[in-house]
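Trainee: Dropping a structure here in structure tokens format, bear with me for questions.
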Amino acid sequence: MSEKTIYLEMNNIKKSFGDLQVLKDISLSVHEGEVLSIIGPSGSGKSTLLRIATMLETMDGGSIKYMGEEAVYVENGSLHYAKPQNLREIKKNFGLVFQNFNLFPHMSVMKNLTDAPIHVQKRNKDEVLSEAKELLRKMGLSDKEDYYPSQLSGGQQQRVAIARALALKPNVLFFDEPTSALDPELTGEVLKVIKRLAEENMTMVIVTHEMSFARNISDRIIFMDKGVIAIEGNPEEVFNSDNPRMQEFLGKLKHE
Amino acid sequence: MSFVTMLEQISSGMLKTILIFILTLIFSLPLGWIIAFGRMSKNKIISGITGFFISVLRGTPLMLQLVVVFYGPYFLFKWSIGNWRFPAIIVGFSINYAAYFAEIYRSGISAIPVGQYEAAHILGYNKLQTFFKIILPQVIRIILPAVTNEVITLVKDTSLAFTLSYMEMFTITKQIASAQTTFMPFAIAGLFYYIFNLLISFVMRKLEKKLNYY
Ligand SMILES: Nc1ncnc2c1ncn2[C@@H]1O[C@H](COP(=O)(O)OP(=O)(O)OP(=O)(O)O)[C@@H](O)[C@H]1O
Ligand SMILES: [Mg+2]
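These protein sequences, in sequence, are chains A and B. For the record, in the first sequence the residue sitting at position 5 is 5 according to our numbering, with numbers rising by one throughout. For the record, in the second sequence the residue sitting at position 205 is 205 according to our numbering, with numbers rising by one throughout.
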């Protein structure tokens with residue numbers, strides 16, 4: 001693993017909301033082709049960490065690098081971003097799949113996938129269209145090109161959202177609880193798609209409450225608790241850990 | 001006065017009514033956006049001033065606002081207001097309606113989930129693209145019924161131009177009616193307002209249907 005390129009590096013991330021310290025000095029890195037899952041109790045700061053990594057949220061301390069390039073850091077208590085045109089390039093490195101999809105309701109499935117590649121990345125239209133068709137085929141949604149999001153099931157919408165993120169060819173794809181807005185019978189189809197991406201060596205950071213899924217597809221797992229990384233390791237190490245908080249967390253899940 | 005003459009005179013007023021209506025929409029619909037953005041500004045001073053401005057425009061009679069706009073320049077600066085009558089009507093109507101549209105736009109924008117902005121941001125859309133490609137199309141669909149209501153009210157409100165003795169349809173109608181002591185002009189004018197609004201409802205319903213594709 002160590003000889004592989006580091007795609008994302010987060011160092012000493014700190015974040016508070018008012019008096020509530022949500023992240024207390026978190027550091028992590030993600031390597032090329034790696035699947036990293038983040039698990040932990042509700043309120044432990046998992047979403048906040050993803051939102052900071054994707055720059056939807058600011059931080060109070062620390063630094064973030066993508067592909068070795070500094071994207072944002074805090075110095076003397078103030079936030080510094082890379083130069084605008086550099087930052088724009090840096091942001092192309094990642095995509096994010098939201099818990100509640102956030103598809104654009106007024107655009108067809110095809111338009112949801114192709115609008116940003118064509119109008120933001122200014123790529124060749126025919127090329128983008130044919131790639132989008134291929135992505136939809138992989139997601140099992142070839143017949144849904146002209147549908148609007150409201151005409152799809154939650155599982156289908158989430159697969160469209162994954163395809164939309166992939167259409168921009170990110171190096172790292174983040175997921176924030178991609179299945180927790182779905183009925184149990186729709187969860188499987190989305191997890192299958194993510195598993196397939198893992199097999200294709202897509203680099204992914206996945207916040208999830210699906211323990212057996214995390215155990216199954218992750219190269220590495222981080223267990224977060226009260227704003228710190230309580231355990232980090234391969235799935236066996238983390239799940240067999242005798243950390244009392246981890247045991248409590250797993251016990252609670254079993255009883256749910 | 002023959003029926004035909006009466007009809008001719010009322011029709012000439014009708015054209016002026018339609019002119020007030022169209023010009024008011026042309027100015028107030030875009031101006032409403034500017035006011036809405038002022039109201040939503042992060043700058044407390046700008047949003048405060050805009051909020052006050054909106055509440056005054058919505059909290060005082062349009063008739064009074066028309067009078068103020070028309071006579072204001074004379075009382076304040078002793079300007080001659082001879083040619084100001086028609087422009088004053090358009091300015092008065094436009095500002096008043098812009099204030100109402102601004103509140104409608106603002107409620108439409110606040111109905112868009114924050115996730116739409118976040119998704120657009122992650123996908124790399126800049127601020128202008130996000131507004132015009134992602135937010136605005138959704139806002140328009142949300143606000144269309146409320147805008148339709150205002151537009152219908154405007155058709156009827158054009159008659160308030162009589163306050164400034166402008167020869168639009170209602171002013172003319174009243175004059176004919178009192179000179180000829182007949183009720184007929186009111187019936188004709190009423191019919192016109194009614195048909196005009198039926199037409200507008202029809203067009204707006206078509207538009208709503210068209211926007212209801214998702
Ligand atoms: N914008 C915000 N303003 C104030 N507090 C916030 C904000 N966002 C998150 N928090 C708080 O920060 C803490 C961590 O929230 P976060 O969403 O990161 O947890 P999480 O680990 O993702 O939990 P869950 O598993 O429930 O999604 C919570 O106590 C939450 O209430
Ligand atoms: Mg969360």
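Cβ atoms here follow ideal geometry from the backbone N, Cα and C, with glycine treated the same way.
Sorted by chain position, which residues of the same chain lie with C-beta nearer than 8 Å to Val67/B's C-beta, five sequence neighbours on each side aside?
Mentor: Locating residue 67/B in the second sequence gives position 67, counting from the first residue. The answer, listed in chain order, is Thr163, Leu164.
Trainee: Which residue wins for smallest C-alpha separation from Lys252/A, given the options Ser42/A, Lys15/A, His119/A?
Mentor: Position 252 of the first sequence, counting from 1, holds the residue named residue 252/A. That would be Ser42/A, whose Cα lies nearest to the Cα of Lys252/A.
Trainee: At a cut-off of 7 Å, is Leu20/A close to ligand 1 when judged by its beta-carbon and the heavy atoms of the ligand?
Mentor: Residue 20/A sits at position 20 when you count from the first residue of the first sequence. Yes, since a heavy atom of ligand 1 falls inside the 7 Å radius drawn around the Cβ of Leu20/A.
Trainee: Short check: CB of Val155/B to CB of Tyr193/B, under 8 Å?
Mentor: For the purposes of this step, residue 155/B is taken as residue 155 along the second sequence, with counting starting at 1. For the purposes of this step, residue 193/B is taken as residue 193 along the second sequence, with counting starting at 1. Between Val155/B and Tyr193/B, the CB-CB gap stays under 8 Å.
Trainee: Would you say Met1/A reaches chain B, if we count a Cβ-Cβ gap shorter than 8 Å as a contact?
Mentor: Position 1 of the first sequence, counted from the start, is the residue given in the question as residue 1/A. In this prediction, Met1/A has a pLDDT of 47, which is less than 50 and means its spatial position is unreliable; nothing more can be read from the coordinates.
Trainee: So, is Gln156/A buried or exposed, given that buried needs 16 or more other C-beta atoms within 10 angstroms?
Mentor: What you label residue 156/A is simply residue 156 of the first sequence in a count that begins at 1. It counts as buried.
Trainee: Does the Cβ of Tyr74/B have 16 or more other Cβ atoms within 10 Å, making it buried, or fewer, making it exposed?
Mentor: Taking the first residue of the second sequence as 1, we reach residue 74/B at position 74. Flag for Tyr74/B reads exposed.
Trainee: By alpha-carbon positions, which one of Tyr100/B, Met167/B, Arg205/B ends up nearest to Val56/B?
Mentor: By 1-based counting over the second sequence, the position of residue 56/B is 56. Val56/B has its Cα closest to that of Tyr100/B, out of Tyr100/B, Met167/B, Arg205/B.
Trainee: For a test of your reading of the model: does the CB of Thr48/A fall under 7 Å from any non-hydrogen atom of ligand 1? Yes or no.
Mentor: Here residue 48/A refers to the residue found at position 48 of the first sequence. At least one heavy atom of ligand 1 lies less than 7 Å from the C-beta of Thr48/A.
Trainee: Between the beta-carbon of Val13/A and the beta-carbon of Gly68/A, is there less than 8 Å?
Mentor: What you label residue 13/A is simply residue 13 of the first sequence in a count that begins at 1. What you label residue 68/A is simply residue 68 of the first sequence in a count that begins at 1. Checking the sequence, you will find Ile at residue 13/A rather than Val. Going by C-beta atoms, Ile13/A is not nearer than 8 Å to Gly68/A.
Trainee: Can you tell me whether Glu57/A is helix, strand or coil according to DSSP?
Mentor: Residue 57/A sits at position 57 when you count from the first residue of the first sequence. If DSSP states are grouped into helix, strand and coil, Glu57/A belongs with coil.
Trainee: Nearest to Ile140/B by CA position, among Leu128/B, Ile112/B, Leu160/B, Gly124/B, is which residue?
Mentor: Walking along the second sequence from the start, residue 140/B turns up at place 140. Selected option, being the one with the closest Cα: Ile112/B.
Trainee: Taking 8 Å as the cut-off, decide whether the C-beta atoms of Ile89/B and Ile20/B are in contact.
Mentor: Numbered from its first residue, the second sequence carries residue 89/B at position 89. Numbered from its first residue, the second sequence carries residue 20/B at position 20. Yes. Within cutoff.
Trainee: When Cβ atoms are compared, which residues of the segment 142 to 167 of chain B fall closer than 8 Å to chain A?
Mentor: none
Trainee: In chain order, what residues of the same chain lie with their CB nearer than 8 Å to the CB of Leu182/A, ignoring the 5 residues before and after it?
Mentor: The count along the first sequence starts at 1 and reaches residue 182/A at position 182. Once the five neighbours on either side are set aside, the close Cβ partners of Leu182/A are Gly154, Gly155, Gln158, Val190.
Trainee: Do you know whose CA, among Leu136/B, Arg205/B, Phe196/B, Ile49/B, lies nearest Ser107/B's CA?
Mentor: Along the second sequence, one-based indexing puts residue 107/B at 107. That would be Leu136/B, whose Cα lies nearest to the Cα of Ser107/B.
Trainee: Taking 7 Å as the line, does the beta carbon of Phe17/A fall inside it for any heavy atom of ligand 1?
Mentor: Sequence index remark: in the first sequence, residue 17/A carries index 17 (1-based). Yes, the beta carbon of Phe17/A sits closer than 7 Å to at least one heavy atom of ligand 1.
Trainee: On the three-state DSSP scale, how would you describe Gly82/B?
Mentor: On the second sequence, residue 82/B is found 82 positions in, with the first residue counted as 1. Gly82/B: helix per DSSP, three-state reduction.
Trainee: Is it buried or exposed, Asn243/A, if we count other Cβ atoms within 10 angstroms and call 16 or more buried?
Mentor: Here residue 243/A refers to the residue found at position 243 of the first sequence. Exposed, because fewer than 16 other Cβ atoms sit within 10 Å of the Cβ of Asn243/A.
Trainee: As an exercise, report each continuous alpha helix (DSSP H) stretch of at least 4 residues that is fully enclosed by the segment 148 to 192 of chain A, in chain order.
Mentor: 154 to 166
Trainee: Closer than 7 Å to a non-hydrogen atom of ligand 1 - does that hold for the CB of Glu118/B?
Mentor: Position 118 of the second sequence holds residue 118/B. Checking every heavy atom of ligand 1 against the Cβ of Glu118/B, none is found closer than 7 Å.
Trainee: Can you check whether the C-beta of Leu245/B is within less than 8 Å of a C-beta belonging to chain A?
Mentor: Within the shown structure, residues of chain B are numbered from 1 to 214, placing residue 245/B beyond reach of any answer.
Trainee: In the DSSP assignment, find the unbroken alpha helix (DSSP H) run with Leu191/B in it and report its ends.
Mentor: The residue given as residue 191/B occupies position 191 in the second sequence. First-last of the alpha helix (DSSP H) with Leu191/B: 184 to 211.
Trainee: So, Met224/A versus Gly61/A, is the Cβ gap smaller than 8 Å?
Mentor: Along the first sequence, read from residue 1 onward, the residue named residue 224/A stands at position 224. Along the first sequence, read from residue 1 onward, the residue named residue 61/A stands at position 61. Contact: no.
Trainee: Hey, out of Ser150/A, Glu32/A, Asn240/A, whose CA is closest to Asn102/A's CA?
Mentor: One-based indexing of the first sequence puts residue 102/A at position 102. Nearest of Ser150/A, Glu32/A, Asn240/A to Asn102/A, Cα basis: Ser150/A.
Trainee: Would you be able to state if there are at least three C-beta pairs under 8 Å between the segment 76 to 86 of chain B and the segment 112 to 121 of chain B?
Mentor: no
Trainee: If distances are taken between C-alpha atoms only, which option among Leu87/A, Met139/A, Arg164/A, Val97/A comes closest to Asn126/B?
Mentor: Your numbering for residue 126/B matches position 126 in the second sequence. Asn126/B has its Cα closest to that of Leu87/A, out of Leu87/A, Met139/A, Arg164/A, Val97/A.
Trainee: What is the residue span of the alpha helix (DSSP H) that Leu87/A lies within?
Mentor: One-based indexing of the first sequence puts residue 87/A at position 87. 84 to 91 is the extent of the alpha helix (DSSP H) around Leu87/A.
Trainee: Is Leu141/A helix, strand or coil by DSSP?
Mentor: If you number the first sequence from 1, residue 141/A lands on position 141. Coil, per DSSP.
Trainee: Helix, strand or coil for Glu70/A, going by three-state DSSP, please let me know.
Mentor: As a working note, residue 70/A is residue 70 in the first sequence. Strand.
Trainee: If I'm right that Ile81/B touches Phe70/B with Cβ under 8 Å, what's the distance once you round it to whole angstroms?
Mentor: Stepping through the second sequence from its first residue, residue 81/B is reached at position 81. Stepping through the second sequence from its first residue, residue 70/B is reached at position 70. Sure, about 7 Å apart at Cβ, within 8 Å.
Trainee: Suppose the cutoff is 6 Å on Cβ atoms and the five residues either side in sequence are ignored; what does the same chain contact list for Thr171/B look like?
Mentor: Locating residue 171/B in the second sequence gives position 171, where the first residue counts as 1. Only Phe162 meet the Cβ criterion.
Trainee: Identify whether His119/A lies in helix, strand or coil by the three-state DSSP scheme.
Mentor: In the first sequence, counting from the first residue as 1, residue 119/A sits at position 119. Note: His119/A maps to helix in three-state DSSP.
Trainee: Can you have a look at Tyr66/A and say buried or exposed, based on whether 16 or more other CB atoms are within 10 angstroms of its CB?
Mentor: The residue given as residue 66/A occupies position 66 in the first sequence. Result: buried.
Trainee: Can you tell me which of the three DSSP states Ser108/A falls into?
Mentor: As a working note, residue 108/A is residue 108 in the first sequence. Note: Ser108/A maps to coil in three-state DSSP.
Trainee: Which residues does DSSP list as the beta-bridge partners of Phe249/A?
Mentor: Reading the first sequence from its first residue, position 249 is the one you call residue 249/A. BP columns for Phe249/A are empty, so no partner.
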